[in-house]
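Engineer: One structure coming up, written as structure tokens, with questions to follow.
Residue numbers (our numbering): 129 to 204.
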């Protein structure tokens, strides 16, 4: 049986994906800037992976924003 993905992780992933796409970056390009594997980026964007705070900070820097701005794009 598949485990249900928490809504907050889906929303976080959606916010990251929107910002990445607004910058015109592919997952591959983004993963290089964030210094992680492209598959990891995909899992985060789908809410399947729970990133650490350190990873969220690297993601925010790559998106030229703050972690707070990413969170504000969700209902958290």
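The beta-carbon is built from N, C-alpha and C at its ideal position, and this holds for glycine as well.
1) By alpha-carbon positions, which one of 133, 134 and 143 ends up nearest to residue 194?
2) Name the residue from 163, 135 and 203 whose alpha carbon lies nearest to the alpha carbon of residue 205.
3) Buried or exposed for residue 185, going by 16 or more other Cβ atoms inside 10 Å?
4) Taking residue 167 as part of the alpha helix (DSSP H), name the residues at either end of that continuous run.
5) I'd like to know whether the C-beta atoms of residue 191 and residue 148 end up nearer to each other than 8 Å.
Structural biologist: Quick answer:
1) 143
2) Any property of residue 205 remains undetermined from this structure, which presents the chain solely from 129 to 204.
3) exposed
4) 166-173
5) yes
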